[in-house]
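There are 2 protein chains.
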Amino acid sequence: MAATSQFAIAVHVLALLAKGGEENVKSDCVAKSVNTNPVVIRRLLCNLSQAKLVVSQTGGAGGTRLVRPPEEIRLNEVYRAVSSGEVFALHRQMPNQNCLIGKNIQTVLENLQTEIDEVIEQKLAEYTLKNILDSVEQEIILNC
Amino acid sequence: MAATSQFAIAVHVLALLAKGGEENVKSDCVAKSVNTNPVVIRRLLCNLSQAKLVVSQTGGAGGTRLVRPPEEIRLNEVYRAVSSGEVFALHRQMPNQNCLIGKNIQTVLENLQTEIDEVIEQKLAEYTLKNILDSVEQEIILNC
DNA sequence: GTATTTGTAGCAAAAATTGTTACAAATACT
DNA sequence: AGTATTTGTAACAATTTTTGCTACAAATAC
């Protein structure tokens, strides 16, 4: 259904920052873990920064860190920071406006879209970044 | 978040079939309402057919119709018929396996993916195709 | 047999997503 | 003040996904 990995990468990045603690983490370092280009990471961090989840600094001692402890960051905030609110896309071409269904189905679908987005946020609100870190830790143990 | 309009089109198409009642509706007719190519519609109908939601016939009196009345078709079935079960995409590139978080974050994200998919289905299960048709009707009235 | 429609393959076009290069602005340190 | 380093961002390229189209065999009804 979804084609973008923004949310997945965002959680990954935030997990790294969480592990980094109070220290600034550089986009270059994050990029290596995610296996992508630093600019891609910085673009994503820009979204997270606007959502007041992280803060960045330039310069030699620069980088990015969380503004709140991991147990106070819920995943619905992360989702909201990177998502368009469109769980599924609407018609790419405008439906036939001479057809009564074509003319009115979009409004109905938009409402549905909103409702689904709400339950997703509710579900994601059940988890904090700390929970994610713990789950990752658990995986590490299992894989030994 | 999502780039595909498969689900939106599917609901649109099924609404048309529902309005069509017991009659066969041709892909050409549906395509005109959706404003796309008949082949696109037939491909989608193929998915819905495999999910046992519709049945098609070739020939001059051919076309497609619902196999069950609209009040017995729930939207989660439609969703399942056209979706990949991936609300958000995972990493496109494999994360760095030498990083503990990179190595284990994907499993955690997959579990999250599954959980979110479940709440989406639960929400969609609250609505039938009949509900959608009624909502569209309501829109038609409001727009007069 | 003829006309019509679905099912599907194969390819083209368009759109979305990600990756890359380049560089100004900011910051810390000497 | 000058230097080294890093973020922020623009502009563009490459890739991937999604949609649209042409063509035609198979199925069906008349």
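Chains as they are written, first to last, in my numbering: chain A, 2 to 145; chain B, 2 to 145.
Ideal placement from N, C-alpha and C gives every residue a C-beta, glycine not left out.
Neighbours of G103(A) in chain B, taken as residues whose beta carbon is under 9 Å from its own, are H13, L17, K33, S34, V35 and N36 in chain order. Not a single CB atom of chain B sits nearer than 9 Å to the CB of E78(A). In the DSSP assignment, T115(A) falls within the unbroken alpha helix (DSSP H) covering L101 to L125. Secondary structure note for V79(A): it is in no beta strand (DSSP E), and the uninterrupted alpha helix (DSSP H) holding it is L76 to V83. Annotation: D118(A) to S84(A) spans about 10 Å, alpha carbon to alpha carbon. The three-state reading of DSSP puts V55(B) in strand, counting E and B together.
Taking E87(A) as the centre and dropping the five residues before and after it, the same chain places the C-beta of Q114 closer than 7 Å to its C-beta, in chain order. Look at the region 110-134 of chain B: the residues with a C-beta under 8 Å from a C-beta of chain A are L110, N112, L113, E116, I117, V120, I121, Q123, K124, L125, Y128 and I133. Contact between the region 71-83 of chain A and the region 119-129 of chain A is present: three or more C-beta pairs spanning the two stretches fall below 8 Å.
Taking CB atoms only, P70(A) has no neighbour in chain B less than 9 Å away. Assignment of L67(B) by DSSP, reduced to helix, strand and coil, places it in the strand class. At a C-beta separation below 7 Å, C100(A) has these neighbours in chain B: S34. Taking a C-beta distance under 9 Å as the contact criterion, L91(B) and L130(B) do not qualify as a contact pair. In chain order, H92 make up the part of chain B whose C-beta sits under 8 Å from the C-beta of I10(A).
With a threshold of 9 Å between beta carbons, P39(A) makes no contact with chain B.
Listed in chain order, the non-local C-beta contacts of P96(B) below 6 Å within the same chain comprise G103, local neighbours out to five positions each way being set aside. For V88(A), the three-state secondary structure derived from DSSP is coil. At a cut-off of 9 Å between C-beta atoms, T65(A) does not count as an interface residue with respect to chain B. Per DSSP, the unbroken alpha helix (DSSP H) holding Q7(B) starts and ends at Q7 to G21. One thing to note: G61(B) has its Cβ no nearer than 9 Å to the Cβ of E24(B). The beta carbon of L17(B) is closer than 7 Å to those of V26, V31 and S34 in its chain, skipping five residues each way along the sequence. Under the 10 Å beta carbon count, T37(B) is surrounded by 16 or more other beta carbons and is classified as buried. Taking 8 Å as the upper bound for CB-CB distance, A82(A) and A11(A) are in contact here, some 7 Å apart. Comparing alpha-carbon positions, the option among E116(B), L110(B) and V41(B) lying closest to A9(A) turns out to be L110(B). Q58(A) and I142(B) have their C-alpha atoms some 55 Å from each other. Rounded to whole angstroms, the gap between the alpha carbons of R43(A) and S28(A) is 6 Å.
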